[in-house]
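Residue numbers (the numbering used here): 212 to 412.
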């Protein structure tokens with residue numbers, strides 16, 4: 212496994228090819244967390260529209276903490292799971308001390324409804340931690356490239372990162388846009404030369 216080569220290729224690709232999304236340049240933990248909650252089990256397009264409306268209405272955690280669950284539900288209706296998402300967002304207010312002081316993914320993972328993927332992804336993107344959030348898209352990509360997936364692969368990639376933010380976002384975008392479940396676009400993938408799947412197909 213050549214983790215260094217893969218990490219560099221992903222970071223180079225990410226510098227030029229990341230999808231433009233409204234939360235991508237954010238340095239606010241609150242806003243990144245909102246984006247991750249909105250992205251669960253919905254499309255990026257749908258989440259983007261609701262995200263912009265949400266941030267316009269609740270630009271800060273303090274603004275959100277003044278809202279009722281019902282108000283938040285109304286705003287989230289277009290993307291489904293709005294009851295669950297609204298409760299999760301409002302619950303964050305009850306644990307705002309964690310959010311206000313968090314500097315590691317492990318601290319974030321203590322928030323209600325924040326799983327390992329979300330916590331690690333934000334840890335890499337915002338805190339510069341040498342971790343990788345593994346969602347279904349990233350896992351599929353890594354299985355195809357290396358022929359298997361385990362935590363050691365993710366750890367090795369994270370340790371080789373020059374820019375943990377670029378590595379995390381690059382892996383997510385490659386898995387989502389290029390390494391599709393059906394008909395992957397191997398000819399557009401920066402990992403094609405090192406990818407076991409590409410060599411076998």
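Built from N, CA and C at the ideal position, the CB exists for glycine as well.
Looking at residue 240 and residue 313, is the spacing between their C-beta atoms short of 8 Å? yes
Measure the Cβ-Cβ separation of residue 345 and residue 378 and say whether it is below 8 Å. no
Rounded C-alpha distance that separates residue 275 from residue 368: 36 Å
Extent of the continuous alpha helix (DSSP H) run through residue 321: Unbroken run through residue 321: none, as it is neither H nor E.
Return the first residue and the last residue of the alpha helix (DSSP H) that residue 308 is part of. 307-312
Spatial neighbours of residue 376 within its chain, please: CB distance less than 6 Å, with the 5 preceding and 5 following residues excluded, ordered by chain position. 336
Who are the Cβ neighbours of residue 356 in its own chain at under 6 Å, not counting the five residues just before and after it? 402 and 406
In chain order, what residues of the same chain have a beta carbon less than 7 Å from the beta carbon of residue 389, not counting five sequence neighbours either side? 395, 396, 399 and 400
In or out: residue 404 buried (at least 16 other Cβ within 10 Å) or exposed? exposed
Quick one, which of 381, 282 and 284 has its alpha-carbon nearest residue 219's? 381
Neighbourhood of residue 224 by C-beta, 8 Å cutoff - its chain only, sequence neighbours within 5 removed: 381, 385 and 401
Is DSSP giving residue 277 helix, strand or coil here? coil
Determine the contact status of residue 324 and residue 302, defining contact as a CB-CB distance below 8 Å. yes
Which stretch, first to last residue, makes up the alpha helix (DSSP H) that contains residue 224? 214-228
Which ranges would you report for the alpha helix (DSSP H) in the stretch 328-389 if only whole runs of at least 4 residues count? 347-357, 362-371 and 375-384
Specify the secondary structure class of residue 304 as computed by DSSP and reduced to three states. helix
Straight-line gap, residue 261 to residue 412 (C-alpha atoms, nearest Å): 39 Å
Would you mind giving the Cβ-Cβ distance between residue 309 and residue 322, rounded to the nearest angstrom? I have them listed as a contact below 8 Å. 6 Å
Bounding residues of the alpha helix (DSSP H) (the contiguous stretch that carries residue 259): 255-268
With a 10 Å radius around its C-beta and 16 neighbouring C-beta atoms as the bar for buried, classify residue 349 as buried or exposed. buried
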